[in-house]
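Enquirer: Chains as they are written, first to last, in the working numbering: chain A, 1 to 118; chain B, 1001 to 1117.
Beta carbons are placed, not taken as given, at the ideal position from N, Cα and C, and that holds for glycine.
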Amino acid sequence: GAVVSQHPSRVICKSGTSVKIECRSLDFQATTMFWYRQFPKQSLMLMATSNEGSKATYEQGVEKDKFLINHASLTLSTLTVTSAHPEDSSFYICSARFLMAGSDYGYTFGSGTRLTVV
Amino acid sequence: AQSVTQLDSHVSVSEGTPVLLRCNYSSSYSPSLFWYVQHPNKGLQLLLKYTSAATLVKGINGFEAEFKKSETSFHLTKPSAHMSDAAEYFCVVSEGGSPGGGNKLTFGTGTQLKVEL
């Protein structure tokens, strides 16, 4: 089945530093990946749609200069939180749509990254 | 525009009793509907999905959901709850037929299921 691997699972960083989160599709190619943010006991909010070889599409209210997305290959998308602040602390989850041989197997999610900014 | 409403933020059941998690949706196009489960500090696991085929959808771990267009509902059920079912459940809609909307998922606010002995 389709597996999306997300790393790191947990990261603690100092305020003002940058953190990179990786999302890899392990056994399929993902032209489109999605980045979500989840606050404690709340639902997932779509931050941006990552398209291989082109610029990401950001949702309204998401700072593109703060949350840098790179989708340089069909199996890797990265989210970099730049100049992190404590309010950026959250659970970040990536997702990819699994399409193969003309069939749509739906969306598969990474295991998430717990970011804590101190 | 699409939206999802999960009617209960918390549901508590006894082990061995039925589970009902309610979900209503709004969509301008033919929607695809999903139920995902999330255990603490984990990603999401797909339980089942509806994509305009059979209205009664069977998923993993004994869960099933019925798509009712007249009621715009997609409630999740399980005949007998197990302790391991305790988790957060999300109802999700995707407008597969809308221009550019086929890839965008909209999540409900989630239902926390508690299973007691």
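1) Between S1009/B and S83/A, what straight-line distance do the alpha-carbon atoms span, to the nearest angstrom?
2) How would you list, in chain order, the residues of chain C whose beta-carbon sits under 9 Å from the beta-carbon of K1104/B?
3) Roughly how many angstroms lie between the CA atoms of A30/A and L1117/B, to the nearest whole one?
4) Within 10 angstroms of the Cβ of G1100/B, are there 16 or more other Cβ atoms? Answer buried if so, exposed if not.
5) Run through the DSSP bridge pairs and tell me what Y1029/B is partnered with.
6) Quick one: Cα of F1067/B to Cα of H1075/B, how far?
7) Just reading off the beta strand (DSSP E) that R114/A is part of, what are its end residues?
8) Which residues in the same chain as T32/A place their Cβ atom closer than 8 Å to its Cβ, once the five residues preceding and following it in sequence are excluded?
9) Can you pull the chain B residues whose beta carbon is under 8 Å from the beta carbon of S43/A, in chain order?
10) Taking C-alpha atoms, which residue in M1083/B, L1046/B, N1041/B lies nearest to T113/A?
11) In the DSSP assignment, find the beta strand (DSSP E) that holds R123/A and state where it starts and stops.
12) Over the uninterrupted beta strand (DSSP E) stretch that includes E1064/B, give me the two end residues.
13) If I measure Cβ to Cβ from D27/A and keep anything under 7 Å in the same chain, skipping five residues before and after, which residues do I get?
Expert: Well, looking at it:
1) One Cα belongs to S1009/B, the other to S83/A, and the distance between them is close to 34 Å.
2) Absence of chain C from the displayed structure is noted, the protein chains being A and B.
3) Spanning the alpha carbons of A30/A and L1117/B requires a straight line of approximately 42 Å.
4) Confidence at G1100/B is low in this model, with a pLDDT of 41, below 50, so the placement of that residue is unreliable and no value is reported for it.
5) In DSSP, Y1029/B forms no bridge with anything.
6) So the two alpha carbons sit approximately 8 Å from each other.
7) Boundaries of the beta strand (DSSP E) harbouring R114/A: 113-117, taken from the DSSP string.
8) Excluding residues within five positions, the ones whose Cβ falls inside 8 Å are T49, S50, N51, E52, A96, R97.
9) What S43/A touches in chain B: F1090, F1107, G1108, T1109, G1110.
10) The option with the nearest alpha carbon to T113/A is N1041/B.
11) Past the edges of chain A, shown from 1 to 118, lies residue 123/A, and the structure says nothing about it.
12) Counting along the chain, the beta strand (DSSP E) containing E1064/B begins and ends at 1064-1068.
13) Non-local C-beta neighbours of D27/A in its own chain, meaning closer than 7 Å and more than five positions away in sequence, comprise A2, V3, ordered along the chain.
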